[in-house]
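Worksheet: the structure to be examined is printed underneath.
Protein chains: 4
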Amino acid sequence: MNPADHADFGLLSPASAGTAASRLTSDYQFIQAMLDVELEWTRVLADTGRVPADAVPAVEQASRADLYDAAALAERAQGGGNPVIPLLADLRAEAKQHHPGAASAIHKGATSQDILDSALMLMARRALAGIVTDLKTAAAALARQADQHRGTITVARTLTQHSLPSTFGLKAANWLSGIAQAGTRLEQVAGELPLQWGGAAGTMAALTDLAGRPVNPTAAADNAAAAGPTAGTAAPNDGGAANDDGGALALAARLAERLGLADPVAPWQTNRLPVTALAAVLADVLVAAGKVANDVLLLSRPELGELAEPAAEGRGGSSAMPQKQNPVLSVLIRSAALAGPGHLAQIQAAAAGAIDERPDGSWHVEWQALRQLLRLAGGAAARLAELAEGLVVRPEQMRRNLAITGELVVSERIMATVAPMLDGGSPGAGKAKVQNLVNQSLANQGTLAQLLRDAVPVDVLSDEALAELLDPAGYIGQSSELIDRITSHYAEWSHS
Amino acid sequence: MNPADHADFGLLSPASAGTAASRLTSDYQFIQAMLDVELEWTRVLADTGRVPADAVPAVEQASRADLYDAAALAERAQGGGNPVIPLLADLRAEAKQHHPGAASAIHKGATSQDILDSALMLMARRALAGIVTDLKTAAAALARQADQHRGTITVARTLTQHSLPSTFGLKAANWLSGIAQAGTRLEQVAGELPLQWGGAAGTMAALTDLAGRPVNPTAAADNAAAAGPTAGTAAPNDGGAANDDGGALALAARLAERLGLADPVAPWQTNRLPVTALAAVLADVLVAAGKVANDVLLLSRPELGELAEPAAEGRGGSSAMPQKQNPVLSVLIRSAALAGPGHLAQIQAAAAGAIDERPDGSWHVEWQALRQLLRLAGGAAARLAELAEGLVVRPEQMRRNLAITGELVVSERIMATVAPMLDGGSPGAGKAKVQNLVNQSLANQGTLAQLLRDAVPVDVLSDEALAELLDPAGYIGQSSELIDRITSHYAEWSHS
Amino acid sequence: MNPADHADFGLLSPASAGTAASRLTSDYQFIQAMLDVELEWTRVLADTGRVPADAVPAVEQASRADLYDAAALAERAQGGGNPVIPLLADLRAEAKQHHPGAASAIHKGATSQDILDSALMLMARRALAGIVTDLKTAAAALARQADQHRGTITVARTLTQHSLPSTFGLKAANWLSGIAQAGTRLEQVAGELPLQWGGAAGTMAALTDLAGRPVNPTAAADNAAAAGPTAGTAAPNDGGAANDDGGALALAARLAERLGLADPVAPWQTNRLPVTALAAVLADVLVAAGKVANDVLLLSRPELGELAEPAAEGRGGSSAMPQKQNPVLSVLIRSAALAGPGHLAQIQAAAAGAIDERPDGSWHVEWQALRQLLRLAGGAAARLAELAEGLVVRPEQMRRNLAITGELVVSERIMATVAPMLDGGSPGAGKAKVQNLVNQSLANQGTLAQLLRDAVPVDVLSDEALAELLDPAGYIGQSSELIDRITSHYAEWSHS
Amino acid sequence: MNPADHADFGLLSPASAGTAASRLTSDYQFIQAMLDVELEWTRVLADTGRVPADAVPAVEQASRADLYDAAALAERAQGGGNPVIPLLADLRAEAKQHHPGAASAIHKGATSQDILDSALMLMARRALAGIVTDLKTAAAALARQADQHRGTITVARTLTQHSLPSTFGLKAANWLSGIAQAGTRLEQVAGELPLQWGGAAGTMAALTDLAGRPVNPTAAADNAAAAGPTAGTAAPNDGGAANDDGGALALAARLAERLGLADPVAPWQTNRLPVTALAAVLADVLVAAGKVANDVLLLSRPELGELAEPAAEGRGGSSAMPQKQNPVLSVLIRSAALAGPGHLAQIQAAAAGAIDERPDGSWHVEWQALRQLLRLAGGAAARLAELAEGLVVRPEQMRRNLAITGELVVSERIMATVAPMLDGGSPGAGKAKVQNLVNQSLANQGTLAQLLRDAVPVDVLSDEALAELLDPAGYIGQSSELIDRITSHYAEWSHS
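Chains as they are written, first to last, in the working numbering: chain A, 6 to 501; chain B, 6 to 501; chain C, 6 to 501; chain D, 6 to 501.
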């Protein structure tokens with residue numbers, strides 16, 4: 006049977022299937038990330054004269070994921086509990102075909118957790134780049150919506166009921182605020198993803214032996230020259246015999262730089278906060294995107310009709326019900342958001358279960374959970390960018406819905422303004438009178454406007470002042486200022 | 006690029022990779038399950054004369070998963086939020102090649118949720134069979150261990166410290182108890198997995214039209230005959246015009262029977278308790294297996310050495326540290342157990358978020374979460390069966406560890422027995438005296454045996470009675486009876 | 006400072022505050038449950054002649070929760086990690102005041118986990134009784150709604166959009182189905198809550214010594230007589246010297262019977278499936294109740310207006326916005342449902358982390374999580390009963406909302422019926438034509454009725470048949486049959 | 006019945022009962038926090054001339070939590086779904102007794118969510134101060150342990166098995182690294198906790214009316230003077246008529262400053278990332294503390310004996326088993342860590358479920374979950390500080406355990422060093438020979454030292470070099486440098 010017959014292609018993961026984040030986190034991409042870590046390490050060792058420079062091209066040739074069989078690696082991974090062990094065997098066999106000494110130039114001083122954790126971070130960084138871009142696209146689009154709809158009056162809803170007037174612009178700005186907060190933090194975390202490089206027990210012991218061995222300075226220089234321009238930064242004696250106290254750490258720092266990962270204070274084999282921090286902010290992306298989706302799903306219901314998703318060929322149709330147009334982008338975003346907390350809980354529980362210098366099971370939980378969070382956040386961000394850019398806004402429907410509550414939507418203001426006019430000198434007494442008018446209006450015993458007109462003398466409240474009092478558009482508070490504060494606060498980020 | 010390049014082969018899921026449960030829940034197996042539901046429905050309709058019998062062979066020919074492109078289906082699934090819509094299009098196109106009328110004989114009166122939910126249940130049932138078998142294998146092996154080691158004295162540990170003597174047999178019996186409780190319930194749930202068949206809105210409306218249309222009795226009989234022996238059970242008028250009250254429901258019942266699923270009281274499109282119940286018991290399997298793994302991981306540490314995992318070629322070795330033998334089976338089981346609660350929370354949260362007649366995102370969360378639970382439980386059960394059958398038990402190490410605490414391990418008994426001998430007529434006064442002796446022993450001021458001998462007159466407690474009192478093997482309570490109760494309680498199940 | 010100043014009264018738990026379930030799970034109720042376990046055990050021992058009968062009244066007098074200081078016990082519980090140890094000290098001191106030998110008649114052969122686990126089960130059983138009753142009340146009310154509204158046409162919604170006609174009766178029946186499934190299972194689990202009685206290491210060792218000691222048959226008979234009628238069931242030699250193989254187990258069985266708990270196959274100190282099973286079904290109650298709340302929250306929005314919560318003095322008002330009436334019952338139910346999965350995950354993770362013969366931390370996690378689930382389920386059930394009994398249904402609003410989609414709501418039926426009429430002899434060709442008519446209607450180029458009239462010859466489809474085809478009330482499938490199936494399936498339970 | 010009879014005192018929460026974090030998050034403390042928010046707002050309004058200055062003392066007198074009945078408030082909170090509404094009624098009634106106009110000087114322009122969210126942040130800030138202090142205490146103690154034990158050789162364990170030598174100092178430093186990472190971030194988040202001040206719909210509408218009303222400058226100045234020195238910072242026209250664009254926002258900024266909360270970009274009523282960020286870092290505290298507890302629980306087992314918890318009167322004893330000393334601090338920390346992920350999942354799920362301008366249930370979930378996380382983190386931090394300061398380290402037991410593996414513990418180094426000596430000119434060939442020697446040693450066919458001596462000519466590897474090669478203390482890599490890096494990195498923080 007074809008190995009692919011046992012594979013997953015995302016069929017049961019519509020929230021992320023087909024997105025860049027899914028592709029960048031596939032098994033083959035993860036194999037590639039592991040190979041990249043191994044290759045860069047061989048380069049570091051060659052640059053500093055610790056392995057022969059001519060082994061590098063052989064390792065390079067062997068460092069292509071498509072040379073390996075992911076399904077077989079997955080199965081063989083069970084023997085040791087992780088996929089590095091079988092991959093390393095295959096990589097060495099492959100490299101040896103190109104150069105007899107290549108096999109022994111690979112993985113020197115490293116442990117499988119070094120490779121796997123660093124590859125996870127590398128894969129994460131690659132996927133995060135696109136996710137951050139999508140979040141910025143969404144943020145910029147929401148900023149435009151916020152600005153454009155700062156005068157679009159809509160009803161604010163609390164506990165599902167109409168509360169006060171607001172603007173659609175402020176709603177969009179609040180969406181932006183969430184997306185940008187999560188996105189800003191995600192970008193920051195993406196820049197801090199650390200290398201893991203501690204050796205079998207986190208002491209860098211084998212690495213220290215390796216770093217401390219006498220290096221032929223000529224060979225190191227030669228190797229550096231042979232390895233090309235990037236190696237030119239290598240200080241001749243770095244990590245060499247004259248440098249035996251800092252050697253191992255300096256080699257690790259070089260590797261971090263080559264991989265574009267941060268050089269951590271120390272290995273973090275059983276200190277999993279770099280993973281929990283990444284997971285938490287991915288979950289926050291889902292929270293922020295989920296809020297948007299929840300609102301769009303509600304507001305695009307036929308009975309509300311205030312918003313509509315952008316139409317696209319082949320999206321949202323129903324074969325059975327030809328009139329139906331489903332808000333599929335929001336459905337998928339919401340489904341991603343609903344799945345987030347469970348994966349975050351997995352990662353937190355795994356981290357909290359760490360023990361010893363490499364945990365007995367909790368480490369293994371992180372891999373799939375972190376990948377799923379990357380995919381879900383990536384799927385949500387991609388759909389959100391499309392949704393934000395194409396969102397159809399229907400101000401007339403917003404006005405129509407606002408009219409359901411009518412003048413009662415400013416009852417808070419009426420209470421605050423009119424009650425003192427009716428208190429007959431007894432502070433607080435006016436409140437009951439206003440409530441009474443509201444109740445009459447709710448019981449269809451007249452419009453609130455008329456009831457108020459009848460109750461308050463015109464010299465206390467002119468017709469004009471009454472009309473102004475009852476105008477929802479006049480009771481939106483700091484809506485416009487808040488839009489400005491939010492959009493300006495995140496403007497630089499969303500356009501960077 | 007090869008579509009498989011974007012696929013997952015289980016590389017980051019060592020707890021389940023390569024197991025039958027993983028294979029039986031692959032994307033292609035899920036496609037097959039969806040095709041099976043469609044095919045059996047066409048057969049039901051042909052048997053009852055509602056579609057032409059000669060369309061059936063065409064649908065059969067088209068109902069092979071390998072005819073379809075899982076990667077493309079996954080990507081197209083985003084348009085409608087589920088994979089049924091694109092699969093149905095491809096299936097119809099394929100079937101039409103074999104018979105012009107086959108396309109219209111497919112999916113009549115059904116909705117995509119009917120297919121997807123029923124296929125999920127079908128896939129679950131197929132995976133569950135093997136999981137239950139593995140649990141029974143494990144249970145039977147544990148029952149043997151329990152029986153064989155009913156006299157193997159070991160120390161019971163509470164809050165990590167030595168408490169009292171016990172037997173390894175009782176520990177094995179308690180493991181069995183958990184596995185069998187979860188397994189029994191899993192087998193029960195596996196037999197109750199329901200068909201979903203409600204049509205677009207759960208009313209069976211299209212189905213009712215379909216069922217209610219005049220059926221040509223001759224055609225129906227002919228079809229039934231043509232469709233072979235299984236169709237012989239079809240009552241000629243079943244679901245027909247003369248049967249318009251029960252028609253749609255009777256057709257659904259036929260489909261349930263064909264698929265080996267339960268015929269539910271009603272469609273359950275937004276009542277997801279069948280899914281949460283299955284998920285909860287899968288999580289319980291992980292709990293029970295996790296307990297075994299936690300104990301084995303502890304007891305096979307070098308400092309304890311009471312147990313060892315069965316050795317196997319290529320398992321547990323470390324390339325870097327040639328002396329190391331890792332308890333990989335238990336590590337993988339424990340990692341599965343740690344991941345369980347997060348997936349269960351996803352499914353519960355999704356179910357709790359259901360709304361309307363088909364939810365706006367929470368339905369989509371279940372698919373991957375349920376699949377992962379099936380795989381994790383399947384992976385854990387498979388490894389557990391191997392672990393239980395091959396577990397190496399080292400009674401001598403158990404004795405050695407028990408000796409660390411020495412006679413103090415029966416201090417509870419000493420307190421209960423000796424204190425009254427020392428109370429000098431004042432009830433309770435003896436307790437402080439015994440505690441004092443224990444403290445002296447802890448402070449290495451003599452063995453507890455000697456201290457007791459000195460403290461209690463020989464006519465009150467003979468040398469023989471003292472020796473008996475201090476023998477751990479004499480203070481194991483109902484250990485043997487409990488082993489019998491547990492093993493006999495589950496004997497029938499584990500051998501069925 | 007007053008100890009209550011550090012206490013919680015439910016201020017931050019509005020979903021459950023003030024309910025019977027909260028009261029029945031308070032710290033004082035838990036203390037009472039622990040005291041009840043201790044007292045009944047003393048009674049068992051007295052009945053069987055193992056402690057003096059005259060100690061019983063002293064223990065009875067001391068077994069009132071209000072004699073103890075919960076705040077101080079909570080603080081002192083940290084010393085040993087559980088509250089049994091300090092409570093036992095206080096209980097013995099209290100009992101001793103009434104009878105000098107009472108202190109030593111308490112807790113004989115037991116361990117703190119026996120008391121705590123059994124008290125948890127006892128507290129759960131007491132809280133569950135009311136929860137089941139509330140669920141039955143809700144179920145019965147929903148059955149009435151289902152029956153009464155079997156003809157109330159409403160629109161079914163899938164992925165937030167209008168799909169097909171249905172009835173409100175069917176929606177109510179589906180709610181009932183969820184509530185009754187969860188409720189039935191909850192009642193079953195409530196009847197199976199097991200006693201925990203294993204002694205310090207789960208071997209019943211001290212208990213075995215205790216059971217095996219020569220019992221003065223006269224004393225036992227005397228004690229039994231003195232203890233009153235319930236003791237009359239005690240076989241004279243039960244648990245006595247002549248019965249030393251089954252003695253300890255028989256004593257435990259007596260205790261279980263006295264406490265109204267199930268007598269388990271074996272102690273379950275580190276086999277926590279009784280706890281996970283209870284937690285899972287409580288979570289299912291929240292799922293089922295949450296579904297109802299989600300629907301009510303949507304359907305009572307001003308734009309939909311199909312439902313309204315029952316009004317009650319002091320509920321749902323807003324001080325600031327006098328016109329507002331919030332659906333508070335549903336808000337609280339939904340908040341309970343949202344909190345459920347996290348607590349279930351805690352309990353599952355704790356159970357999966359069990360190790361040894363008493364776990365090193367995971368046991369302690371269960372207590373608060375299980376209590377919270379009892380409270381949340383209890384709060385949800387209580388509010389649901391009130392909601393279901395008083396739910397205001399507005400058929401006219403349902404019709405109004407259905408009219409938004411108009412004849413298009415039966416487009417599935419039109420497609421199935423009319424397409425064959427328009428296929429011009431080429432099967433399948435009619436579909437595109439119908440879709441075209443639908444599109445024209447969506448584009449406001451005529452009502453679908455008129456467009457269909459124009460497209461289909463009257464001899465193929467009469468005016469009458471066309472009208473019938475377009476009537477939503479005629480396309481509700483098995484709605485009525487499903488209502489009957491569901492209500493009859495659960496009728497007995499909900500009225501028991 | 007006494008209301009306290011229905012209260013919780015922490016009896017089922019031993020991980021946090023009796024700690025400062027629990028006390029600072031009690032219902033009464035939360036009432037106090039709500040009162041503080043109301044009072045400070047009244048002061049802001051008085052300072053700026055919007056309410057009469059002489060109302061302030063009346064509000065001050067009424068702003069003492071002990072004036073209110075928490076149990077009654079909890080029960081009444083159900084009517085509106087939150088406790089602000091009943092508290093506000095009682096507060097106004099109380100204040101009115103001191104000054105007739107005080108009632109109307111309270112809560113002007115605010116909504117209940119403003120009070121509740123701001124009070125939550127205030128309560129969190131108060132609890133966090135002590136948690137951060139405890140984490141610093143623990144960190145400083147761990148830094149001392151790390152430094153003191155940089156030469157204490159111990160065995161590193163991976164997947165439960167012995168891997169390589171390490172030092173206890175490095176283990177302590179790694180613990181410190183986790184604690185300090187989480188603690189640093191917690192302190193940062195504690196400084197960013199935002200005020201919530203948006204009014205009923207997040208638009209600050211009522212507030213804008215209030216801010217925009219003509220202020221009598223004289224009155225404002227008078228009020229400011231009357232209110233004492235803190236009011237001196239009020240600019241005369243601030244928020245006044247001349248300042249109508251920034252007035253409401255400036256008033257909110259003043260309130261934030263008074264409360265010591267951050268002034269956010271905008272209200273965050275349905276953008277809950279401030280809550281999820283706080284929850285995530287509290288969960289990280291639990292992760293870091295949990296790792297320490299897991300290690301201590303393992304290493305203080307009798308069979309390992311490398312560590313012991315500090316003894317304390319009344320802690321860790323067992324009434325039944327007088328010899329037992331339980332590691333209760335670690336048990337409680339671990340139990341807190343196990344409960345963390347579930348609460349974090351609740352908060353994330355709640356945030357992801359937000360909708361509208363105030364959510365219909367998800368907001369209500371956060372309160373209790375956040376409080377529990379504060380308590381668990383507080384409990385864990387307090388116990389950790391005590392544990393870290395008093396941890397008993399037993400270097401001789403570490404040596405004894407290391408000896409179990411003997412020279413094999415440096416097999417990685419032997420492989421790297423000796424294999425090339427045995428390859429007979431064929432690179433890589435030596436590995437199998439070394440593995441063979443290791444296997445012989447494992448099979449007790451000689452010590453590895455002797456087998457190596459026999460296999461490698463003395464001129465290739467001198468006796469002295471062989472002894473050095475086999476010395477575990479010589480193979481600890483960068484242990485000391487990593488200790489320095491970690492301790493110096495966090496030195497400033499832990500002593501600040």
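Using N, Cα and C, we set each Cβ at its ideal position, and we do this for glycine too.
Beta-carbon separation (whole angstroms), residue i vs residue j, contact threshold 8 Å
i              : j              : result
S340 (chain B) : V370 (chain A) : 5 Å
Per-residue burial, residue i [other beta carbons within 10 Å of its own, 16 or more giving buried]
i              : result
H500 (chain C) : exposed
L193 (chain B) : Checking the displayed sequence, the identity of residue 193 (chain B) turns out to be Gln instead of Leu. So Q193 (chain B) ends up on the exposed side.
S109 (chain B) : buried
I491 (chain C) : buried
P57 (chain D)  : buried
A470 (chain C) : exposed
P462 (chain A) : exposed
Q102 (chain D) : exposed
Closer than 7 Å at the beta carbon, the chain D residues around residue i
i              : result
D152 (chain A) : Chain D residues near D152 (chain A): none, gap ~15 Å exceeds 7 Å.
Counterpart residues of residue i in DSSP-defined beta bridges
i              : result
A267 (chain D) : D:P199
L40 (chain D)  : Answer by DSSP bridge pairing: none, since L40 (chain D) is not bridged.
Quiz prompt | the segment 165–184 of chain B contacting the segment 193–205 of chain B, beta-carbon criterion three pairs below 8 Å | solution = Taking 8 Å as the limit for Cβ pairs, the verdict is that the segment 193–205 of chain B does not touch the segment 165–184 of chain B.
Quiz item: Three or more beta-carbon pairs under 8 Å between the segment 135–149 of chain B and the segment 179–192 of chain B, yes or no?
Solution: Short answer: they touch.
Quiz prompt | Three or more C-beta pairs below 8 Å linking the segment 361–377 of chain D and the segment 152–164 of chain A | solution = Yes, the segment 361–377 of chain D is in contact with the segment 152–164 of chain A.
Self-check item: Inter-stretch contact (C-beta, 8 Å, three-pair minimum) for the segment 336–351 of chain A and the segment 287–299 of chain A
Solution: Contact between the segment 336–351 of chain A and the segment 287–299 of chain A is present, because at least three Cβ pairs lie under 8 Å.
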